[in-house]
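Novice: Have a look at this one.
Protein chains: 2
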Amino acid sequence: MRDEILMMGKKAREAAHRMAKTNSTMRRQALEGLAVALERERTSIGAANEEDVQEAMRRGLSRAKVDRLRLSDKVMGDMIGGLRELAMLPDPLGEITRMWTRPNGLQVGKMRIPLGVIGIVYESRPNVTVDAAALCIKAGNTVILRGGSEAFRSNQCLAGILQEALKEAGLPETAIQLVGTTERDAVLDLLKLEEYIDVMIPRGGEELIRFVTEHARMPVLKHYKGVCHVYVDEDANPDMAERICLNAKVQRPGVCNAMETLLVHEKIAGKLLPRMAAALRREGVELRGCEKTRTLVSDCLPATEEDWYAEYLDLTLAIRVVADMDEAISHITTYGSQHTEAIVTENFQRGHRFLREVQSSLVLVNASTRFNDGYQLGLGAEIGISTSRLHAFGPMGVEELTTTKFIAFGNGQVRS
Amino acid sequence: MRDEILMMGKKAREAAHRMAKTNSTMRRQALEGLAVALERERTSIGAANEEDVQEAMRRGLSRAKVDRLRLSDKVMGDMIGGLRELAMLPDPLGEITRMWTRPNGLQVGKMRIPLGVIGIVYESRPNVTVDAAALCIKAGNTVILRGGSEAFRSNQCLAGILQEALKEAGLPETAIQLVGTTERDAVLDLLKLEEYIDVMIPRGGEELIRFVTEHARMPVLKHYKGVCHVYVDEDANPDMAERICLNAKVQRPGVCNAMETLLVHEKIAGKLLPRMAAALRREGVELRGCEKTRTLVSDCLPATEEDWYAEYLDLTLAIRVVADMDEAISHITTYGSQHTEAIVTENFQRGHRFLREVQSSLVLVNASTRFNDGYQLGLGAEIGISTSRLHAFGPMGVEELTTTKFIAFGNGQVRS
Chain A
1 MRDEILMMGK KAREAAHRMA KTNSTMRRQA LEGLAVALER ERTSIGAANE EDVQEAMRRG
61 LSRAKVDRLR LSDKVMGDMI GGLRELAMLP DPLGEITRMW TRPNGLQVGK MRIPLGVIGI
121 VYESRPNVTV DAAALCIKAG NTVILRGGSE AFRSNQCLAG ILQEALKEAG LPETAIQLVG
181 TTERDAVLDL LKLEEYIDVM IPRGGEELIR FVTEHARMPV LKHYKGVCHV YVDEDANPDM
241 AERICLNAKV QRPGVCNAME TLLVHEKIAG KLLPRMAAAL RREGVELRGC EKTRTLVSDC
301 LPATEEDWYA EYLDLTLAIR VVADMDEAIS HITTYGSQHT EAIVTENFQR GHRFLREVQS
361 SLVLVNASTR FNDGYQLGLG AEIGISTSRL HAFGPMGVEE LTTTKFIAFG NGQVRS
Chain B
1001 MRDEILMMGK KAREAAHRMA KTNSTMRRQA LEGLAVALER ERTSIGAANE EDVQEAMRRG
1061 LSRAKVDRLR LSDKVMGDMI GGLRELAMLP DPLGEITRMW TRPNGLQVGK MRIPLGVIGI
1121 VYESRPNVTV DAAALCIKAG NTVILRGGSE AFRSNQCLAG ILQEALKEAG LPETAIQLVG
1181 TTERDAVLDL LKLEEYIDVM IPRGGEELIR FVTEHARMPV LKHYKGVCHV YVDEDANPDM
1241 AERICLNAKV QRPGVCNAME TLLVHEKIAG KLLPRMAAAL RREGVELRGC EKTRTLVSDC
1301 LPATEEDWYA EYLDLTLAIR VVADMDEAIS HITTYGSQHT EAIVTENFQR GHRFLREVQS
1361 SLVLVNASTR FNDGYQLGLG AEIGISTSRL HAFGPMGVEE LTTTKFIAFG NGQVRS
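What follows is the structure, encoded as structure tokens:
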């Protein structure tokens, strides 16, 4: 265990005790201060980032990776704007979510408090440094960040500015700490600090997430992948079905809440699939279908067992015709990733049953899977989408970065 | 990885999909059926248990361990009665905890659903087999149980009866599975099944809990120890303070929510401590005090730094006189275990501030720490007390064995 990592854990815990005593005004002003500081330092941030980008290009990183690394004007503007919006969101802390009275007169309730210390391990995007840190601060937590080595200079620069701004706002600067080394073993040390870190949130590729899950001694909030389904019921409105499926597949195919498999009831398949296929192909989507699909859609490639498990993250779609909703739900249970599932139907009973029986983090009736996103669902902000079921299942906003303690008001009650 | 353990994981997950479709009547009737079956099989359970007890005595286990192992008539009666009470508790599933509407008309909400598959690793008490399994079933989960080797025959007998009763009630018998081997490595295999087990709950000594935390790849809900404090404020009612402190210390000293350290404001210490010490000593409590305490209480042993960290679980109490509430809170933060803390005060401001600033799983004003218990707080049942902050912090009842998914009702919304 590196002393440096252990010390970060201790400082984060100490700072968490101080953060738990802050009020919402202090935290709001601090977030506004962070936005001002980032605005003021745009040039130095840009310069640090440019060094990272240049080195990445020298090292021959893929164009996609270099893109993720780049803090363009738009990315910086969104980052700063996001901070200001976050500052204005209601304070989640101190809320008493329920209160009841026991027969002995003891009033018992649950009060919302910060989670404590949050660890975030992420890859190339340096804006995560700001977005994630700010969300943690909003909910009264402290955070230890470990970014990717490619973004090292950008992250150092951003974290330095954030710490300075926290200090100016009267909050502990150690409420945001960045691991100052890119050694891989430092992550392992971090994952052993279960005494000091309450939860670990990995953000990045599946390999990183599996590594963190395997080695972390504290709970991990994560999601591996999104194999999202739309089920078009026999009683679907065909126009609505087409609109929703197109949106779910093509509006942004490279993200986790895009549709990967379309399930269609056999009674509507004959009418729906030919026009749907044409519409999808106009948008450049490659189709892979089950046998029944291939009898209805010309030149459709055959779907293999692997296609049902696939997260294409691309303009590719698997299509299966099902005999009924039970078969659709069973397909989702077998091949899905518990991320996002939608039904298109005008039938009340089936819409309701699909909603109850499908156990994914978001289940929609007559709307696009693309809505599984903290902003779109109205959480105001998001630190990621969890497909772990414990604590937070689905998009994690400010509230998901809190917990509740029990409180009790007595007038001398003792236990007999 | 033993094939047997992997198969248990798969079966548990399959059964969880079936359990998620059950309604509250089916689960209630199943629990009542479990109670009837246990009642009917009292003799065979007693015989299996007697074999375990005999072997434990042959192997020279401590009297305390043998006691924990024994399913006396009273323990069996409580177990069966507990099942019947649990059956009658309201169903937590399907509750829509909140619902809101987005500007585009999409109605978004959160619906309570089962957690999924729960793993429980425990030590000698065989009644945990029934209590824990029943709580999991109530919340629509399935469970994999791994009991201690000393209770192997009792657990096998109980699990067999439970499975038979589940089958009779039309629920999957694999909703309750017991690991059929006492090999230590089987636990390690279980802890790797993050794909099939959603949460692991270890119950037993600190060594077991540390082992599970270190090796589990899934989240762990646990508590290590309870170093609970009562802070008697300067404005406390002395009679109430004495009553609460006596109850917190002596009513059942061997449990996690008993008081281990008493903190007294210096302004009330002179008046309070001599009479409190006398009352505690009448109950056989050994006192260990700070220097100021020792000037007020005759023959009081000196408390060392280790005493402030100690979970005595016995008739021993550490006492410290503090200059003010900040010093008390700071002591709790430094030495406490985030379990249970109480303040005794007539002062509104300080009662309120203590409640806000102390970050323990239960914070009480003017009541005994002994109330930190699922039954006492009105949860109706309890599977343990968590001092991990994620998901459940404090006593875990039926609701803490559930999670929520997002649901959305649309009329064709797509994302732009």
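So the sequence lines, in the order shown, correspond to chains A and B.
With the numbering used here applied, the first sequence closes on residue 416, and no number is skipped along the way.
With the numbering used here applied, the second sequence closes on residue 1416, and no number is skipped along the way.
Note that the Cβ used here is the ideal one computed from N, Cα and C, for glycine as well.
#1: Less than 6 Å between C-beta atoms, sequence neighbours within five positions excluded: which residues of the same chain meet that for G122 of chain A?
#2: In chain order, which alpha helix (DSSP H) runs of at least 4 residues are fully inside the segment 1062 to 1098 of chain B?
#3: Just tell me which of B:S1330, B:G1394, B:E1382 has its CA closest to the CA of S1418 of chain B.
#4: Using a Cβ-Cβ cutoff of 9 Å, what residues of the segment 390 to 416 of chain A are near chain B? List them in chain order.
#5: Let's see if you can read the secondary structure: which residues bound the beta strand (DSSP E) around K1405 of chain B?
#6: Closer than 7 Å between beta carbons: that is the criterion. Which residues of the segment 1097 to 1120 of chain B meet it against chain A?
#7: Quick one: complete alpha helix (DSSP H) runs, 4+ long, within the segment 235 to 275 of chain A?
#8: DSSP beta-bridge partners for C300 of chain A?
#9: Strictly below 8 Å CB to CB, what residues from chain A border H1017 of chain B?
#10: What residues in the segment 236 to 265 of chain A bring their beta carbon closer than 7 Å to a beta carbon of chain B?
#11: Could you compute how far the alpha carbon of G243 of chain A sits from the alpha carbon of L1093 of chain B?
#12: Looking only at DSSP bridge pairs, what is R112 of chain A linked to?
#13: Where does Q54 of chain A sit, in a helix, a strand or coil, going by DSSP?
#14: Determine, using beta carbons only, whether K1167 of chain B and L1086 of chain B come nearer to each other than 8 Å.
#15: Closer than 8 Å, CB to CB, is E85 of chain A near chain B or not?
#16: Please work out which residues of its chain come closer than 6 Å, Cβ to Cβ, to A169 of chain A, disregarding the five sequence neighbours upstream and downstream, and give them in chain order.
#17: If the cut-off is 8 Å on Cβ atoms, which residues from the segment 1178 to 1208 of chain B count as contacting chain A, listed in chain order?
#18: Could you tell me the alpha carbon to alpha carbon distance between L246 of chain A and C290 of chain A, rounded to whole angstroms?
#19: State buried or exposed for A278 of chain A, treating a residue as buried only when at least 16 other CB atoms are found within 10 Å of its CB.
#20: According to the neighbour-count rule (16 or more other Cβ atoms, all chains shown, within 10 Å of its Cβ), is W308 of chain A buried or exposed?
#21: For the alpha helix (DSSP H) containing N435 of chain A, list its first residue and its last residue.
#22: I want to verify the contact list: residues of chain C whose CB lies under 9 Å from the CB of T213 of chain A, in sequence order.
#23: What do you reckon, are the CB atoms on M8 of chain A and Q177 of chain A nearer than 8 Å?
#24: Please state if the CB of S124 of chain A and the CB of A151 of chain A are separated by a distance shorter than 8 Å.
#25: Which residue wins for smallest C-alpha separation from F348 of chain A, given the options A:P219, A:I96, A:A236?
#26: Strictly below 8 Å CB to CB, what residues from chain B border G378 of chain A?
#27: So which residues on chain B does K11 of chain A lean against when the C-beta distance must stay under 9 Å?
#28: Starting from the C-beta of Q251 of chain A, find all residues in its chain whose C-beta is less than 8 Å away, skip the five residues before and the five after it, and write them out in chain order.
#29: Would you check if the segment 1066 to 1073 of chain B and the segment 1043 to 1053 of chain B touch, i.e. whether three or more CB-CB distances between them fall below 8 Å?
#30: Just reading off the beta strand (DSSP E) that H1229 of chain B is part of, what are its end residues?
#31: Looking only at its chain, what residues have a beta carbon closer than 6 Å to the beta carbon of Y335 of chain A, apart from the 5 residues adjacent to it on each side?
#32: Just list the residues that DSSP pairs P202 of chain A with in beta bridges.
#33: Using CA atoms only, rank isn't needed, just tell me which of A:K222, A:E260, A:H265, A:L296 is closest to L313 of chain A.
#34: Who are T101 of chain A's beta bridge partners in DSSP?
#35: Just to confirm my understanding: we take R1098 of chain B, look at its own chain, exclude 5 residues before and 5 after, and list those with CB closer than 7 Å. What are they?
#36: Note down, in chain order, every chain B residue with its Cβ under 8 Å from the Cβ of A20 of chain A.
Specialist: Taking the coordinates as given:
#1: Counting from one through the first sequence, the residue named residue 122 of chain A turns up at place 122. In the sequence under discussion, the amino acid at residue 122 of chain A is Tyr, which differs from the Gly named in the question. Taken in chain order, the residues that qualify are V128, G147, R203, G204.
#2: 1063 to 1069, 1073 to 1088
#3: The structure shown does not extend to residue 1418 of chain B, since chain B is modelled only from 1001 through 1416, so no value can be given for it.
#4: L390, H391, A392, F393, G394, P395, T403, T404, K405, F406, I407, A408, F409, G410, N411, G412, Q413, V414, R415, S416
#5: Locating residue 1405 of chain B in the second sequence gives position 405, where the first residue counts as 1. Here the beta strand (DSSP E) through K1405 of chain B covers 1402 to 1413.
#6: W1100, R1102, L1106, V1108, I1113, L1115, G1116
#7: 238 to 250
#8: For this step, residue 300 of chain A is matched to residue 300 along the first sequence. Bridge partners of C300 of chain A: none, in fact.
#9: On the second sequence, position 17 is the one that residue 1017 of chain B refers to. In chain order: T333, Q359.
#10: M240, R243, I244, N247, Q251
#11: Numbered from its first residue, the first sequence carries residue 243 of chain A at position 243. Numbered from its first residue, the second sequence carries residue 1093 of chain B at position 93. Contrary to the premise, residue 243 of chain A reads as Arg rather than Gly in this sequence. Each residue's alpha carbon lies about 33 Å from the other.
#12: The residue you call residue 112 of chain A lines up with position 112 of the first sequence. Looking at the DSSP assignment, R112 of chain A forms a beta bridge with A:T404.
#13: Translated into positions along the first sequence, residue 54 of chain A becomes position 54. Residue state, collapsed to three classes: helix.
#14: Here residue 1167 of chain B refers to the residue found at position 167 when the second sequence is read from its first residue. Here residue 1086 of chain B refers to the residue found at position 86 when the second sequence is read from its first residue. Not closer than 8 Å, so no.
#15: Residue mapping note: residue 85 of chain A aligns to position 85 of the first sequence, counting from 1. It does not; no Cβ of chain B falls within 8 Å.
#16: For the purposes of this step, residue 169 of chain A is taken as the residue at position 169 of the first sequence. Q29, A30, G33, listed in sequence order.
#17: E1194, D1198, V1199
#18: For the purposes of this step, residue 246 of chain A is identified with residue 246 of the first sequence, where counting begins at 1. For the purposes of this step, residue 290 of chain A is identified with residue 290 of the first sequence, where counting begins at 1. For L246 of chain A and C290 of chain A, the distance between alpha carbons rounds to 19 Å.
#19: As a working note, residue 278 of chain A is residue 278 in the first sequence. By the neighbour-count rule (16 or more Cβ atoms within 10 Å), A278 of chain A is not buried but exposed.
#20: Here residue 308 of chain A corresponds to residue number 308 of the first sequence, with the count starting at 1. Buried.
#21: Nothing in the structure corresponds to residue 435 of chain A, since chain A is present only between 1 and 416.
#22: Absent here is chain C; the protein component of the structure consists of chains A and B.
#23: Numbered from its first residue, the first sequence carries residue 8 of chain A at position 8. Numbered from its first residue, the first sequence carries residue 177 of chain A at position 177. Going by C-beta atoms, M8 of chain A is nearer than 8 Å to Q177 of chain A.
#24: For this step, residue 151 of chain A is matched to residue 151 along the first sequence. For this step, residue 124 of chain A is matched to residue 124 along the first sequence. A contact, by the Cβ cut-off of 8 Å.
#25: For the purposes of this step, residue 348 of chain A is taken as residue 348 along the first sequence, with counting starting at 1. Considering only alpha carbons, the answer is A:A236.
#26: Position 378 of the first sequence, counted from the start, is the residue given in the question as residue 378 of chain A. Under the 8 Å cutoff, chain B gives W1100, R1102, V1108.
#27: Residue mapping note: residue 11 of chain A aligns to position 11 of the first sequence, counting from 1. Those do not exist, as K11 of chain A stays about 15 Å from chain B at its closest Cβ, beyond 9 Å.
#28: Taking the first residue of the first sequence as 1, we reach residue 251 of chain A at position 251. For Q251 of chain A, where only same-chain residues beyond five positions count, the Cβ hits under 8 Å are A258, S368, R370.
#29: yes
#30: Walking along the second sequence from the start, residue 1229 of chain B turns up at place 229. Unbroken beta strand (DSSP E) run through H1229 of chain B: 1228 to 1232.
#31: The count along the first sequence starts at 1 and reaches residue 335 of chain A at position 335. Here the set comprises W308, Y309.
#32: Numbered from its first residue, the first sequence carries residue 202 of chain A at position 202. Paired residue(s): A:V121.
#33: Taking the first sequence and counting its residues from 1, the one referred to as residue 313 of chain A is at position 313. For L313 of chain A, the nearest C-alpha among the options comes from A:E260.
#34: Residue numbering aside, residue 101 of chain A sits at position 101 when the first sequence is read from its first letter. DSSP, once it has assigned bridges, lists A:Q107 as partnering T101 of chain A.
#35: To locate residue 1098 of chain B, count along the second sequence from 1; it is residue 98. G1109, K1110.
#36: Your numbering for residue 20 of chain A matches position 20 in the first sequence. Per Cβ cutoff of 8 Å: E1357, Q1359.
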